[in-house]
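Residue numbers (the numbering used here), protein chains in the order written: chain P, 315 to 629; chain W, -10 to 505. All C-beta atoms in this analysis are idealised placements derived from N, C-alpha and C, irrespective of residue type, glycine included. For reference, the structure discussed in these notes is given below.
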């Protein structure tokens, strides 16, 4: 087990290295000269553009830029944002709690709605409860996040005046206000994931309920509640956990549109603005950070499988 | 028992947060604390770049600087130059400028703002690596300190726009001590002599400044704090204003009706100093080698097919000012006689015939991704079609379009300029054959001569006549580019905010503002 964990962690390093090369290469495919976009309206002075390129090493060959970046990263220095000259590590650390809070809230909402709804619709298949759950799931999946976001702002902030329309208050500063600023975006994000989770839980539960061991459990006179909770659900959870961790990873990579609409300063907003401004060090830093989160989450998923399915523990 | 009670309390708190209906106070909570602590909240359309006057580039950054950094001079409603940190200026000869400074001015770190500090700041603007101010003040040869409150600036050549450059970022004076200590990171903690001092910045979230008690004009500052919040989406900005979470925001012209219907909100509309134009590629690489790029008659036909008034009504609710020149009516250098030609399809078709081109003439227009510009381009597409043009719209993300323009990879480019107080800032770089932003590479020695002469001419009337000649030659005769409209800045603000005015530069000046 310990050895397995070490081996898994050992795979993280080459994964991140390959990814960093890919990101460096892909950025070169983006049209637009970073020095030019940095200068914007003030692009009138070629000498200034040359100075910017020299300072940011943009006038060097790509491999040289990459090695310079890698060398600094190995020393723990992720560089600074070209646009606002703040250290990338600081930007990421500033945004991480925001994204974690929003992602976890959305995830809790998604699981709290999606999994029970999936169970209900599987158990009462082809009955009104199933139709309602399916309908809601379809609506959740197919409603665009930005539209849902704007509608919620109009209803809860402009018309009813219950919640602040946008912005973010850190949890440590004012917990209640912090929840008030994040509940709408968390609901928008969680709602669409709940739909996906519901569908998968339903399918997995239907498969499980049709298995022989469920028939056996019923035959030996177990109460239906126990049959569903202990026998069917536990076996049905494996694909749901896989999907759940992937969705959580996506949430923690930042919710681009939702963060933009609610002006939540998380990863999504950070990377979008960085791409539009061709702020390469920020793009690299955020991608590396999210990659690390993904790798750790897939590790967590593997550990969870073992907790659910004892047969995997031997392997 | 205790744990159970805590759990209950926690549960209740969670329920209160999850059930918005139970907590109508949440949204207003911030609003009430706002009134007591007197914070003005301003919504910006994007996150400003670095807050260092030497390295800064964005327009939204200038809005923040209006509270942080005073300048040697400011402008007034008539675009005249008025004193700020300086008390006045005079020309000793056409190349020597004498500036007198306001006594008793302090920087936010308590250091004295004197002639030495001004000399330091101007030299920093001129020499710091990557300075965006250099091109604005590179007419400057040297700065001499005459006495602690007097400076003499020697220019390389006479320059009429020079003093006006000191009304913007090039005229912002920074604390030499703080700037020396921070070097290139000065913008993370700017120290200037403005009415507010820097408190904190959370990237993409907020910039907070607080009243500086040592400000030289402290009596004019009545609001304790200002928070600048970047919100990219204009309908979300508007929602924030409507719900009272923000006090001032810039809105889209199409939101004006919503604003006017709300009694708790006020609006102000100002025509800006800049313009929207179409750059024609007439000499930048192979894409200029078409009948459209080579023959001014074809371009004249194109312009004659455009109805600027209709464009204004359809896309901008009639809020922008249709124009044919680079200088807005607010400027004393605007030529009221040079007006847009009325739409004339017959003449346009005749010109195309005379030029001997086969219709439809295919023209591509590069348009930065922006819903309003896209709409404007589509309206023009329909208009020029009637004259015999097949206008193809190429939408391009802004960063890419800039590069394409500079490389000459465009035929026509729908491009805007935010505008400068002095007409030189709206013309030279764009129309002079050596201009760095002359992306279409139009070149006419006579236009160059006129622009250079206008740069040195100090007599207002003569200068205006020179620009009038530039319009005639570069625009009517050469058809080097076309100016379409001067944009409208539409701001919505809370009725609680008193004495809010807007100058043509669109900045929010905190002097005189009060919150009820």
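Inset, instruction - Determine, using beta carbons only, whether residue 222(W) comes closer than 8 Å to chain P. - result: yes
Legend entry - Residues near residue 437(W) in its chain [Cβ-Cβ closer than 7 Å; skip 5 each side]: Listed in chain order, the non-local C-beta contacts of residue 437(W) below 7 Å within the same chain comprise 421 and 422, local neighbours out to five positions each way being set aside.
Inset, instruction - Quick one: list the residues of chain P neighbouring residue 47(W), beta-carbon separation under 7 Å, in chain order. - result: 354
Legend entry - For residue 264(W) and residue 418(W), believed in contact at Cβ under 8 Å, the rounded distance: Not quite, the Cβ-Cβ distance comes to about 13 Å (not below 8 Å), so this is no contact.
Legend entry - Where the stretch 30 to 43 of chain W meets chain P: residues whose CB sits under 7 Å from a CB there: 36, 38 and 39
Legend entry - Distance, residue 301(W) Cα to residue 407(W) Cα: So the alpha carbons of these two residues sit roughly 18 Å apart.
Legend entry - Neighbour flag for residue 244(W) against chain P, beta carbons, 8 Å: no
Legend entry - Collapsed DSSP secondary structure at residue 462(P) in the structure displayed: helix
Legend entry - Neighbour list for residue 116(W) in chain P, Cβ cutoff strictly below 9 Å: Neighbours of residue 116(W) on chain P: none; closest Cβ ~11 Å, over 9 Å.
Inset, instruction - Anything in chain W within Cβ reach of residue 405(P), meaning under 7 Å, just list it in chain order. - result: 192
Inset, instruction - From the DSSP output, read off the bridge partner residues of residue 475(W). - result: 310(W)
Inset, instruction - Run the CB neighbour count on residue 249(W), radius 10 Å, all protein chains shown included, and call it buried at 16 or more, exposed below. - result: Burial call: exposed.
Legend entry - Pair within 8 Å by beta-carbon distance, residue 134(W) and residue 142(W): In this structure, residue 142(W) does not lie closer than 8 Å to residue 134(W) by Cβ.
Inset, instruction - Answer with yes or no whether the minimum CB distance from residue 25(W) to chain P is below 8 Å. - result: Confidence at residue 25(W) is low in this model, with a pLDDT of 43, below 50, so the placement of that residue is unreliable and no value is reported for it.
Inset, instruction - Starting from residue 595(P), find everything on chain W with Cβ-Cβ shorter than 9 Å and list it in chain order. - result: Under the 9 Å cutoff, chain W gives no residues; its nearest Cβ is about 13 Å from residue 595(P).
Legend entry - Chain-ordered chain W contacts of residue 397(P) [CB-CB under 8 Å]: The answer, in chain order, is 38 and 39.
Inset, instruction - For residue 231(W), go through chain P and note every residue whose CB falls closer than 7 Å to its CB, in chain order. - result: 472
Inset, instruction - Within its chain, find whatever has a CB closer than 6 Å to the CB of residue 24(W); leave out the 5 residues flanking it on each side and keep chain order. - result: Confidence at residue 24(W) is low in this model, with a pLDDT of 42, below 50, so the placement of that residue is unreliable and no value is reported for it.
Inset, instruction - Would you verify that the beta carbon of residue 15(W) is, or is not, closer than 8 Å to some beta carbon of chain P? - result: For residue 15(W), the predicted model reports a pLDDT of 45, less than 50, meaning its position is unreliable; a value from the coordinates is still stated below. So, interface residue.
Inset, instruction - Please list the partners that residue 176(W) has in chain P, where partner means a Cβ-to-Cβ separation under 7 Å. - result: 399
Inset, instruction - With residue 425(W) as the anchor, note down where its alpha helix (DSSP H) starts and where it stops. - result: For residue 425(W), there is no enclosing alpha helix (DSSP H), as DSSP marks it with neither H nor E.
Legend entry - DSSP-derived helix/strand/coil call for residue 380(P): Helix.
Inset, instruction - Would you mind working out which of 432(P), 592(P), 608(P) and 518(P) sits nearest residue 372(P), comparing C-alpha positions? - result: Considering only alpha carbons, the answer is 592(P).
Legend entry - Proximal residues of chain P, C-beta to C-beta of residue 418(W) below 8 Å: 358
Inset, instruction - Indicate whether residue 41(W) and residue 176(W) have their beta-carbon atoms separated by less than 8 Å. - result: yes
Legend entry - Under the three-state DSSP convention, the category residue 488(P) falls into: coil
Inset, instruction - Report yes if the C-beta distance between residue 91(W) and residue 75(W) is below 8 Å; otherwise report no. - result: yes
Inset, instruction - Can you give me the Cβ contacts of residue 470(P) inside the same chain, cut-off strictly under 6 Å, excluding the 5 residues immediately before and after it? - result: 476 and 477
Legend entry - Whole-angstrom distance between residue 403(P) and residue 391(P), CA atom to CA atom: One C-alpha to the other measures close to 8 Å.
Inset, instruction - Could you tell me how far apart the beta carbons of residue 140(W) and residue 104(W) are, in whole angstroms, since I believe they sit closer than 8 Å? - result: Indeed they touch by this definition, with Cβ atoms about 5 Å apart.
Legend entry - Delimiting residues of the alpha helix (DSSP H) encompassing residue 406(W): Per DSSP, residue 406(W) belongs to no alpha helix (DSSP H); it is in the beta strand (DSSP E), 401 to 406.
Legend entry - Option nearest residue 217(W) by Cα separation, candidates 205(W), 235(W) and 225(W): 235(W)
Inset, instruction - May I ask you to list the residues that DSSP assigns as paired with residue 143(W)? - result: 85(W) and 131(W)
Inset, instruction - Whole angstroms is fine: what's the gap from residue 331(P)'s alpha carbon to residue 346(P)'s? - result: 26 Å
Inset, instruction - Select from the stretch 568 to 587 of chain P all residues with a C-beta closer than 7 Å to any C-beta belonging to chain A, and list them in chain order. - result: No chain A appears in this structure, whose protein chains are P and W.
Inset, instruction - Quick one: give me the first and last residue of the beta strand (DSSP E) that residue 384(W) is part of. - result: 378 to 385
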